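Peer 1: Going line by line, the protein sequences match chains A and B. Here the first sequence is numbered in the UniProt record's numbering, starting from 1 and rising by one per residue. Here the second sequence is numbered in the UniProt record's numbering, starting from 1 and rising by one per residue. A virtual CB, placed ideally from N, CA and C, is assigned to each residue, including glycine. Model, not experiment: these values are computed from the prediction.
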Amino acid sequence: MSSQIGGTMLDYADIRRIIPHAHPILLVDRVLEMDPYDRIVTTKTVSGSEPCYARMAPDLGTRAFAYPTSLLIESWGQGGAVLWMERIKAQGRERAGSLILAAAREVELHRSVYPGDTLRHEVRVDQYVGDNVIFSGTSFVGDDPVATVGYAIAVMRPSEGLSWEA
Amino acid sequence: MTSLAAEPVTAGVPETVIVTGPKLRASPIAAIDTVTVLSDSEVVAVKLIRADDPYLEGHYPEMTIYPGAFLIETAYQAVIHLVQKTRGPEANAELSGLDSVRFTTALRPGDELRVHCECRPGDEPGTLAVIAHCTTGDAKAALLKMRYRLR
Numbered sequence: 001m002s003s004q005i006g007g008t009m010l011d012y013a014d015i016r017r018i019i020p021h022a023h024p025i026l027l028v029d030r031v032l033e034m035d036p037y038d039r040i041v042t043t044k045t046v047s048g049s050e051p052c053y054a055r056m057a058p059d060l061g062t063r064a065f066a067y068p069t070s071l072l073i074e075s076w077g078q079g080g081a082v083l084w085m086e087r088i089k090a091q092g093r094e095r096a097g098s099l100i101l102a103a104a105r106e107v108e109l110h111r112s113v114y115p116g117d118t119l120r121h122e123v124r125v126d127q128y129v130g131d132n133v134i135f136s137g138t139s140f141v142g143d144d145p146v147a148t149v150g151y152a153i154a155v156m157r158p159s160e161g162l163s164w165e166a
Numbered sequence: 001m002t003s004l005a006a007e008p009v010t011a012g013v014p015e016t017v018i019v020t021g022p023k024l025r026a027s028p029i030a031a032i033d034t035v036t037v038l039s040d041s042e043v044v045a046v047k048l049i050r051a052d053d054p055y056l057e058g059h060y061p062e063m064t065i066y067p068g069a070f071l072i073e074t075a076y077q078a079v080i081h082l083v084q085k086t087r088g089p090e091a092n093a094e095l096s097g098l099d100s101v102r103f104t105t106a107l108r109p110g111d112e113l114r115v116h117c118e119c120r121p122g123d124e125p126g127t128l129a130v131i132a133h134c135t136t137g138d139a140k141a142a143l144l145k146m147r148y149r150l151r
């Protein structure tokens with residue numbers, strides 16, 4: 001673990017060593033808290049310079065710049081991946097295959113997120129089942145919940161034959 | 001199925017539109033190549049997965065996989081196209097919830113994703129309920145059940 005930045009438990013350099021995601025889709029900036037291996041709190045600051053804001057038409061209104069839900073969910077899920085990969089490392093194992101979102105249910109999107117907002121993702125692992133993990137949680141901007149995920153399952157699968165039934 | 005439009009929008013052979021030009025809302029990727037409105041409640045989008053699509057170089061460096069979350073984006077872009085076709089170019093839709101999404105096949109560069117969305121008015125006024133069947137070739141890639149707020 002490297003430098004401590006204002007309550008940061010793991011910084012960007014640490015995170016990119018832990019999960020396989022890489023720029024520009026590594027969507028976790030910092031880990032603030034981690035209860036091994038049941039709960040994690042991460043942050044991601046949204047910036048107007050990200051690729052999702054490239055090549056937009058001129059003179060658009062505010063709503064056009066809402067951070068894409070697809071990236072919000074991906075960013076939230078990557079917090080779960082950090083927790084999961086830290087657990088695998090603590091078990092003396094190595095990641096065996098790709099991490100894939102297999103299913104999600106009861107996802108509610110409460111409000112939009114814009115450039116300049118810092119997302120704080122709370123992810124709880126509800127169950128580890130072999131090479132699958134079931135998790136849930138909430139994303140906030142400040143004290144406002146912006147999204148809740150009731151149930152998500154991610155799977156680790158060998159690189160060959162990437163088809164499955166969760 | 002209940003109509004979304006005051007008048008049917010399609011007559012005769014559905015027109016397939018090639019999606020080009022600057023983006024009108026933030027999106028990680030041009031998630032549809034072509035889109036075809038089949039009726040005032042059905043739309044089909046097609047997307048060829050490319051290794052050089054934005055964001056994909058990092059997902060993953062060792063092997064490119066189209067993220068499951070991006071299938072939600074593909075369906076979203078198809079639904080917006082249908083909403084604007086049926087309700088006018090100023091109309092819009094925002095994703096308000098995912099009741100259930102289930103991914104069964106990972107998509108790799110060279111795979112052609114086909115997303116068939118069935119849209120009906122949601123339980124609450126001003127909302128839309130969408131079921132998206134995602135396939136690649138003969139394989140099921142995902143089934144998405146989503147809710148949108150109309151604007």
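Exposed or buried, what is LEU83 of chain A when buried is set at 16 or more other beta-carbons lying within 10 Å of its beta-carbon?
Peer 2: Classification of LEU83 of chain A: buried, given that the 10 Å Cβ count is 16 or more.
Peer 1: Going by DSSP in three states, MET1 of chain A sits in which element: helix, strand or coil?
Peer 2: With a pLDDT of 48 at MET1 of chain A, under the threshold of 50, the modelled position of that residue is not reliable, and no figure is offered here.
Peer 1: Short of 7 angstroms Cβ to Cβ, which residues in the region 49–75 of chain A face chain B?
Peer 2: Cβ contacts with chain B come from PRO51, CYS52, TYR53, ARG55, MET56, ALA57, LEU60, ALA64, PHE65, ALA66, TYR67, PRO68, THR69, SER70, LEU71, ILE73, GLU74.
Peer 1: Let me check understanding here. Comparing Cα to Cα, which of B:LYS47, B:GLU62, B:THR34 lies closest to ARG95 of chain A?
Peer 2: Comparing Cα-Cα distances from ARG95 of chain A to each of B:LYS47, B:GLU62, B:THR34, the minimum goes to B:GLU62.
Peer 1: Helix, strand or coil: which one does DSSP assign to ARG151 of chain B?
Peer 2: Residue state, collapsed to three classes: coil.
Peer 1: Suppose contacts are defined by Cβ-Cβ distances below 8 angstroms. Is ALA45 of chain B in contact with GLN77 of chain B by that definition?
Peer 2: Yes, they are a contact pair.
Peer 1: Could you tell me whether any Cβ in chain B is nearer than 8 angstroms to the Cβ of ARG105 of chain A?
Peer 2: Answer yes: the Cβ-Cβ gap between ARG105 of chain A and chain B drops below 8 angstroms somewhere.
Peer 1: What residue does the beta strand (DSSP E) around THR42 of chain A start on, and which one ends it?
Peer 2: Element bounds for THR42 of chain A: 39–45.
Peer 1: Going by DSSP, name the residue or residues bridged to ILE153 of chain A.
Peer 2: DSSP, once it has assigned bridges, lists A:ALA103, A:ILE134 as partnering ILE153 of chain A.
Peer 1: DSSP on TYR12 of chain A, reduced to helix/strand/coil?
Peer 2: In this structure, TYR12 of chain A counts as helix in the three-state DSSP scheme.
Peer 1: Can you name, in chain order, every residue of its own chain whose Cβ lies under 8 angstroms from the Cβ of GLU112 of chain B, other than the five neighbours on each side?
Peer 2: Excluding sequence neighbours, GLU112 of chain B sits near VAL46, LYS47, LEU48, ILE49, THR136, GLY137.
Peer 1: If you measure from the beta carbon of VAL101 of chain B to each beta carbon in chain A, is any gap under 8 angstroms?
Peer 2: Answer yes: the Cβ-Cβ gap between VAL101 of chain B and chain A drops below 8 angstroms somewhere.
Peer 1: Answer yes or no: does any C-beta atom of chain B fall closer than 8 angstroms to that of SER98 of chain A?
Peer 2: Taking Cβ atoms only, chain B reaches closer than 8 angstroms to SER98 of chain A, which makes this a yes.
Peer 1: May I have the straight-line CA-CA distance separating THR2 of chain B from MET146 of chain B, to the nearest angstrom?
Peer 2: Reliability of the predicted coordinates at THR2 of chain B is poor, the pLDDT of 42 falling under 50, and no value is obtained from them.
Peer 1: Going by C-alpha distance, which of B:ILE32, B:PRO28, B:TYR60, B:CYS134 is nearest THR16 of chain B?
Peer 2: Checked all of B:ILE32, B:PRO28, B:TYR60, B:CYS134; the closest Cα to THR16 of chain B is B:ILE32.
Peer 1: Could you tell me the alpha carbon to alpha carbon distance between SER139 of chain A and HIS121 of chain A, rounded to whole angstroms?
Peer 2: Going by the C-alpha atoms only, they are around 4 angstroms apart.
Peer 1: Pick out whichever of A:ASP117, A:LEU119, A:LEU99, A:MET85 has its Cα sitting closest to the Cα of TYR60 of chain B.
Peer 2: Among A:ASP117, A:LEU119, A:LEU99, A:MET85, the Cα nearest to that of TYR60 of chain B belongs to A:LEU99.
Peer 1: Answer yes or no: does any C-beta atom of chain B fall closer than 8 angstroms to that of ALA81 of chain A?
Peer 2: False, the Cβ-Cβ gap to chain B never drops below 8 angstroms.
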